[in-house]
Structures are given as structure tokens and as C-alpha cells.
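Residue numbers (our numbering): 116 to 310. Where is the CB? At the ideal position from N, CA and C, for every residue including glycine. Note that the coordinates shown come from a computational prediction; the quantities given were computed from them, not determined experimentally. Here is the structure we will look at, set down as C-alpha cells.
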Amino acid sequence: MANRIISDDAEINSVRLKESAAPATPASGYGQLYAKTDGKIYFKNDDGLEVDLTLTGSASAAASALKGAIVSVGGLNVTGSIIQPIVWSAEVQDDDNYWDAGNPTRFVVNHTGWYLISCQTKWDNNTTNSRQILMYINDIRSAWENKFLASTNEPKTAINALHYLISGTNISVHAFQDTSTRAIVTGTFSIINYT
């Protein structure tokens, strides 16, 4: 196909780009837009700098590459002196089937990459001295927060962690308190894949 000039005020619905290897550096004062065989769109300037527009061309393009899930729980009773998994009860958002209501204590990673994992809980007001949340990756404890408190007004616990996880990895969050049965009034769990 011959080169075609597009006028400054042209309106184009779409442009078809043939996937190929990266072209040579364009002449001074020019740039090239092209698709490579990796399925991404690139721009190369006259200095030979190649920019991946699929992820970095705009804030919306970068945001669309993120995938994640948010789930919540409310009114979960935690039996004293027993570490028990938090049973998440409501899906707020799930872009890639990380959470399955049929197995509500686990999240399963579908893609290898970097993940930001966050969990927050608010407990009811009680005289328990110790409240904990613990994060398990493939059933091995990897992070936790322990609050040693006397009677306080709805104490909060939180875990935030960044992990490189392999596809198929499962994640769960457990709760513990040292005496009697008390409730997690509210809680949220979120996971975001950055790659």
C-alpha cells in the first residue's frame, strides 16, 4: 500500500495497523506509529526512542491495564482464642475472578505478577486485649497486624503488602482475638495486579 497523507481536519473512525517488527529510526522531524507482533502499539521518535502506548500513552490506558477485586464483610463473629478465616460475604468489584462466592475465604491469582494486597477490619467495642488479622499465601502466614488494647471504641486492624505472586497462588485472611466471641463490624479486602 502506498503512503497516504491525512489532512489536518480529517476524521477517521479507525486505522488498521499491520503487526511487524519495530521499524528503523525515522528521519529527523518525523515519528512513526506502529503495531508490533506482541499485540501492542508503539511510537518511535527521530531519536530512536520507542514508547509503548498500550500502557503509558494515557492515564486511562494505564488504568485499564490494572485488574483487581474488592470484597467486604460485616457482622462476622470471631470465636475467642481460635485463628479463623474471614468469610467474605459481598463482592464490590472483581475484574478477573479472583474471588468465588462458593469458596468465600480465598482469593486465587490468575496471572503471575506484582500484587498490592490490602485488608482493613473494624472490631466491635469490647474488653478483649488482643485482636489480630493475619494474611496467608498458599496457607503460609506472610503478614499480620496485632493490636494489644484494653477496652476501646471499635479498634481497627489493617494489612498492606506488595507481593510478586505466581498464577494459581491463593490468599486468605484470618482473624483472632484472645477472649470470648466478638464481631468484626466491617471489613474489606482488595487486591490489585500491576503487571
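Expressed to the nearest angstrom, what Euclidean distance is found between the alpha-carbon atoms of residue i and residue j?
i	j	result
residue 287	residue 295	23 Å
residue 162	residue 138	13 Å
residue 197	residue 150	56 Å
residue 131	residue 190	54 Å
residue 304	residue 218	15 Å
residue 167	residue 202	41 Å
residue 154	residue 134	7 Å
residue 222	residue 186	10 Å
residue 205	residue 213	13 Å
residue 229	residue 280	6 Å
residue 140	residue 235	50 Å
residue 165	residue 309	21 Å
residue 178	residue 237	Note that residue 178 has pLDDT 46, beneath the 50 cutoff, so the model's placement of it is unreliable and the number below is only indicative. Near 29 Å, if we compare the C-alpha coordinates of residue 237 and residue 178.
residue 248	residue 209	22 Å
Using C-beta distances below 6 Å, list every residue in its chain close to residue i, excluding the 5 sequence neighbours before and after it, in chain order.
i	result
residue 211	182 and 225
residue 262	246, 270 and 272
residue 231	277 and 307
residue 159	147 and 165
So, with DSSP's three-state summary, where would you put residue i?
i	result
residue 231	strand
residue 277	strand
residue 168	helix
residue 297	strand
residue 138	coil
residue 203	coil
residue 216	coil
residue 260	strand
residue 132	coil
residue 302	strand
residue 160	coil
residue 189	strand
residue 194	coil
Can you check DSSP and say which residues form a bridge with residue i?
i	result
residue 143	DSSP, once it has assigned bridges, lists no residue as partnering residue 143.
residue 183	307
residue 288	250
residue 224	BP columns for residue 224 are empty, so no partner.
Excluding five sequence neighbours on each side, which residues of the same chain lie with their C-beta closer than 7 Å to the C-beta of residue i?
i	result
residue 64	Within the shown structure, residues of the chain are numbered from 116 to 310, placing residue 64 beyond reach of any answer.
residue 292	193, 195, 243, 245 and 246
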